[in-house]
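Some notes on the structure that comes next.
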Amino acid sequence: MSLHELTIDRLALGGSGVGRLNGKVCFVPFSAPGDGLKVRIEREHRSYCEAELVELVEPSPVRTAPVCPVFGQCGGCSLQHISYDEQCRAKQQQLYETLQRIAKIADPPVSATVAAADQYGYRARAQFKLHNTLQGLAVGFYRRGSRFVIDLPHGCPVVTPAINQAISRLRSILQQVPDRDRIPQVSLEEGIDGVVAIIHYIGADAAALVERLLAGRDQLELAGLFLQTGRKDSLQQVYGSGVLQYAVPACGADGTDLQLQYGIGGFSQVNRQQNRTMISLVCSAAQPAGNHRLLDLFCGNGNLSLPMAAHLQDLYGVEGFAPSLASAVDNAGQLHVNNSTFNCLSAESAVVELLQVKAQFDTVVLDPPRAGAAELMRMLPRLAAERIIYVSCDPATLARDLAILCGGTGYCLVQATPLDMFPQTGHLETVALLQQDR
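Going by this note's numbering, the sequence shown wraps up at 418, each residue one higher than the last.
Shown next, in the form of structure tokens:
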């Protein structure tokens, strides 16, 4: 198949480089803005094509040496070959262009990307895949575009040191398990008290595995260990606690830290330091005051709103996942928050109920899943909150939702702040502030 030459102009959402070839947009993974390349077309579509980098003819000045020896093979990172400053600049540009194209905002107010303090070693949760081979137990992640497990004997550079140490010790123990081929995955998560692990087991002798794990307890040095033999919500405790704690900043100038908790398997932000930054951004946008009422939709364990509770008149949290809602209630109790109410409902059902009783809020915070909240966008303006703070993990669905919310409902986008929650990857978090357009 013939090769083609092209120059990469920018990065697309997700991290692929973008150039033009034969009048079409061409996406090339693992390329960098400014690269001169020879590529092979892999897939041709009506308006664009996807190509493979064959030869780097002229390297871009923003290129850098990847830290990981399996970068480009592993399905995890996509940007280790690009300098971190350029990653942040590109993500700001991606958000700006996405809001222009999809939300139809002519000149979106997008601030500079809030960079992460730690470009590596930041990820406090990881799911390692296991595969038994003739050479021993492979423990790592799937190869890009396949189910082949790439072994990572020295760990992964983007996860925290504690998780790398834990998976190394687990590897030694699991290597000795007779039916180790019946262990497809190990999930690890780090909290203040240490690392908690879930071993996924599909074999027939869980009792023997538990016995072996208990014998290696001192060697493993885990805060908690669980066995999953069926559904995600049916875990067997081997030992320790399944509750993870982490620190967040309280809103205000005193710099006090609060501790929040959640149960293993519940949602949390994997980058603890950037989560702190995100909470501070949300607090700054919300401008909480003693006479304000705040509605927190998709509230999880109260991560975004409980740090503001002391500065509010009322906090009303809504979460559809019961275990996370229970964690929010527990956190409010631990923090002696007496002005909060939490309800286990879908966000849409909750807003319908609130509209029926003519509830009023000064601020609405929402942190929906990747799919966004299109239906909710048609309902929220009827609550007539002064400001809406939308935390998004997908610029495309954020832009789609803002097209609805800013499309004649009385709200306008005041600021969109890109936050690099996942350095070395194409993922992007955004904190968007909307206010009534008076």
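Idealized CB from N, CA, C, for every residue including glycine.
For Ile21, report the span of its beta strand (DSSP E) as first-last. For Ile21, the enclosing beta strand (DSSP E) has its first and last residue at 16 to 24.
Given Arg151 as reference, the closest of Pro137, Val138, Glu38, Ser167 once Cα atoms are compared: Ser167
From which residue to which residue does the beta strand (DSSP E) around Lys109 run? Annotation: the continuous beta strand (DSSP E) that includes Lys109 extends over 105 to 113.
Count the C-beta pairs between the region 28 to 36 and the region 368 to 379 that are closer than 8 Å, then say yes if the count reaches three, no if not. For the pair of segments examined, the region 28 to 36 was found not to touch the region 368 to 379: the number of CB pairs separated by less than 8 Å stays below three.
State yes or no: is the beta carbon of Asp417 nearer than 9 Å to at least one beta carbon in chain B? Although the question refers to chain B, the structure presented lacks it and comprises just one protein chain.
For Ile178, report the span of its beta strand (DSSP E) as first-last. From DSSP, the beta strand (DSSP E) with Ile178 extends over 174 to 180.
Looking only at its own chain, which residues have a Cβ that is under 8 Å from the Cβ of Gln225, when we skip the five neighbours before and after it? Gly171, Ile172, Asp173, Gln239, Leu240, Gln241
Please work out which residues of its chain come closer than 6 Å, Cβ to Cβ, to Tyr76, disregarding the five sequence neighbours upstream and downstream, and give them in chain order. Closer than 6 Å at the Cβ level, and outside the excluded window around Tyr76, lie Pro88, Val90.
Tell me, please, which residues DSSP counts as bridged to Gly220. Gly204
May I ask you to report which of helix, strand or coil DSSP gives His407? Collapsing the DSSP output to three states places His407 in coil.
Among the residues of its own chain, which have a CB less than 6 Å from the CB of Met258, if the five just before and after it don't count? These residues qualify, in order along the chain: Leu399.
Residues in its own chain within less than 7 Å of Ala353 by CB, not counting five upstream and five downstream? For Ala353, same chain residues with a beta-carbon under 7 Å away, outside a window of 5 residues either side, are Ala327, Leu346, Asp381 in chain order.
Use the C-beta contact count for Glu409: other C-beta atoms within 10 angstroms, 16 or more gives buried, fewer gives exposed. buried
Can you give me the C-alpha to C-alpha distance between Leu59 and Thr377, rounded to a whole angstrom? So the two alpha carbons sit approximately 22 Å from each other.
Output the boundary residues of the alpha helix (DSSP H) element that contains Asp65. 64 to 81
Are the CB atoms of Gly(-6) and Leu17 within a distance shorter than 9 Å? Their beta carbons are not under 9 Å apart, which means Leu17 does not touch Gly(-6) by this criterion.
Which value, in whole angstroms, describes the spacing of the CA atoms of Thr405 and Glu22? 22 Å
Is it the case that the Cβ atoms of Gly183 and Asp213 are separated by a distance below 9 Å? no
Where do the ends of the alpha helix (DSSP H) carrying Asp310 lie? 302 to 314
Does the distance from the CB of His(-16) to the CB of Arg20 come in under 9 Å? yes
Can you name, in chain order, every residue of its own chain whose Cβ lies under 8 Å from the Cβ of Pro349, other than the five neighbours on each side? Phe278, Cys373
Could you compute how far the alpha carbon of Ala177 sits from the alpha carbon of Ser40? Straight-line Cα distance between these residues: approximately 41 Å.
So Ala420 is in the beta strand (DSSP E); what residue range does that whole segment cover? The structure shown has nothing for residue 420, since the chain only spans -19 to 418.
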